[in-house]
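The block underneath contains the structure these notes are about, expressed in structure tokens.
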Amino acid sequence: MEIIKEGWLETRSKYFRRWEWKWATLNSAYLSFFRDYTPSSKLLMQIPINEIVTVCPADKKDGKYFTLVVLTQKTKLTLSFGNLNEVISWQNSIKSFINLQNIPLNNQNLEQKIMTDMKLISAANKLKHALIDREEELQEILDTENAERFEELQNNVKEIITIIEKEQELYMAFKEAVNSETNPLLRLKKAFELKRPSLKLQEIDASLKSRVEVAIPDKIVSKLIENNIETSLLFKNEHKISRSRMPWGTKWKYNGKRVDAISLRVSKPILLRAVGICSPYKEKGCNCVKSFCIYDGPGTNCPLIYTHPQSVYMEYTGNSTFKIPLKSPVILQANTIYTLFFQIQGSPTFRCKNCILSEQGEGDVAIEFFNSQITAYKSNKTDTVTGTIADLYYQLI
1 MEIIKEGWLE
11 TRSKYFRRWE
21 WKWATLNSAY
31 LSFFRDYTPS
41 SKLLMQIPIN
51 EIVTVCPADK
61 KDGKYFTLVV
71 LTQKTKLTLS
81 FGNLNEVISW
91 QNSIKSFINL
101 QNIPLNNQNL
111 EQKIMTDMKL
121 ISAANKLKHA
131 LIDREEELQE
141 ILDTENAERF
151 EELQNNVKEI
161 ITIIEKEQEL
171 YMAFKEAVNS
181 ETNPLLRLKK
191 AFELKRPSLK
201 LQEIDASLKS
211 RVEVAIPDKI
221 VSKLIENNIE
231 TSLLFKNEHK
241 ISRSRMPWGT
251 KWKYNGKRVD
261 AISLRVSKPI
271 LLRAVGICSP
281 YKEKGCNCVK
291 SFCIYDGPGT
301 NCPLIYTHPQ
311 SVYMEYTGNS
321 TFKIPLKSPV
331 ILQANTIYTL
341 FFQIQGSPTF
351 RCKNCILSEQ
361 GEGDVAIEFF
371 NSQITAYKSN
381 KTDTVTGTIA
391 DLYYQLI
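Position 17 (the sequence shown) corresponds to 17 in the UniProt record's numbering; numbering is contiguous.
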């Protein structure tokens, strides 16, 4: 039989001679009391609903303010609750079942209405208890966070107090040394002989980052600018395709023999000029692209058609991607699968997620992405769903 109402309450009667906490349940037939709420708990007392004569609130009794008296044909039972709302809820529920017992057998509509009301009351009570439990859980989490924050502040205060005490000791020693001599030269000599606080100087990152944009031929640029300066040229009619339109995720770590590789196929011949990969997401982060290759096929066991001549270093810039221009553009033929392969070491980076399997770019160029066939490596961190290979820069042929 479905339980409409249940909860902890204190009881007292001829059977329970002193106030005791019991687990009470109420259904359409019985008001029952158990030792606890477990299914195997012992039944201590059971009162049939048809034997209850009346139920009403009572005055303060034995220090209990919120009490309810259940009067049966044989005994009198006093129930104590934590607040007035519980008293009213239990009283209304018991009275509803008493009225249900007095309904004529042919009045089924009224009986169904009362049962529906009782189920609604039961659902509301369960929701209320769930909200109370959730509130207590959140309050406990908040208390823990506040305690940790308070402990951190206390430690900071202790450090500041320690520094101030040391400064006071140095000042008192200086004052004593100065006042002990009348000769100004001896005062200065003693002052210089005193212990001085050690200075902790922070290292300054004096690296200079520059971006040069020119509109002159590549051959002339290479003669004018030294090899140790990285340049990014804006090529005419250069287009970009990104594998993901979603925000960038973080904590893409590098360790072991992990690599990043993705295979692709284009619908029209294009000239691949650069590849964009995810950059470090923490300040002072730095990564090194140890290897960048392009294979003519779906994996690393296919013919190698491009190898980047040198390592590429990426520092934190605040941008989510870093553009690596190819030293010499690579022609990607239509309906042929190619594989982009990277070996990256260093700090955690951004990553693109929820990547698309195919994308339509400028010039009606359709690019499809596939998972690569990698051999001799621990794992491939990039696939058609996520990864660090983000953008392709190309020109139409």
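Glycine included, every Cβ here is placed at the ideal spot set by N, Cα and C.
Per-residue DSSP class, three states only, for residue i
i      : result
Tyr171 : helix
Trp23  : strand
Lys200 : Here Lys200 scores only 47 on pLDDT, less than 50, and its place in the model is too uncertain to base an answer on.
Phe97  : helix
Ser13  : coil
Ala390 : strand
Leu127 : helix
Asn183 : coil
Met310 : Residue identity check: residue 310 is Gln in the sequence provided, not Met. In this structure, Gln310 counts as coil in the three-state DSSP scheme.
Arg351 : strand
Thr144 : helix
Supposed close pair residue i, residue j - CB separation, criterion 8 Å
i      : j      : result
Gly276 : Lys323 : 5 Å
Leu9   : Ser80  : 6 Å
Lys240 : Tyr393 : 5 Å
Trp23  : Ser41  : 7 Å
Pro329 : Arg245 : No, Pro329 and Arg245 are not in contact; Cβ-Cβ is about 26 Å, not under 8 Å.
Ser347 : Pro280 : 4 Å
Ile270 : Leu332 : 5 Å
Neighbourhood of residue i by C-beta, 8 Å cutoff - its chain only, sequence neighbours within 5 removed
i      : result
Ile337 : Ser263, Leu264, Arg265, Gly297, Pro298 and Phe370
Glu20  : Glu10, Thr11 and Arg12
Lys290 : Ser311, Gln343, Ile344 and Gln345
Lys95  : Val55
Leu396 : Asn237, His239, Lys268, Ile270, Leu271, Glu362, Gly363 and Val365
Where residue i falls, given that 16 or more other Cβ within 10 Å makes a residue buried
i      : result
Val87  : buried
Gly318 : exposed
Asn74  : Checking the sequence shown, residue 74 turns out to be Lys, not Asn. When all chains shown are included, Lys74 counts as exposed.
Met314 : buried
Ile389 : buried
Phe150 : exposed
Leu186 : exposed
Leu131 : exposed
Asp205 : Low local confidence applies: a pLDDT of 47 at Asp205 is under 50, so the model's placement there is unreliable, and no value is given.
Cys56  : exposed
Arg351 : buried
Arg243 : buried
Asp260 : buried
Lys5   : buried
Asn146 : exposed
Asp391 : buried
Tyr65  : exposed
Cβ neighbours of residue i in the same chain (closer than 6 Å, five flanking residues each side left out)
i     : result
Thr78 : Arg12, Thr67 and Val69
Closer than 8 Å to chain D by CB, residue i
i      : result
Ile160 : The question asks about chain D, but that chain is absent: this structure has only one protein chain.
Contacts around residue i, its chain only, beta-carbon distance under 7 Å, and the 5 residues preceding and following it disregarded
i      : result
Asp383 : Asn371
| Segments assigned beta strand (DSSP E), at least 3 residues, entirely inside the region 236 to 306 | 239 to 242, 249 to 252, 258 to 266, 270 to 278 and 286 to 295
| said: If we require 3 or more residues per run, which beta strand (DSSP E) segments fall completely within the region 49 to 90? | reply: 52 to 58, 67 to 72 and 76 to 80
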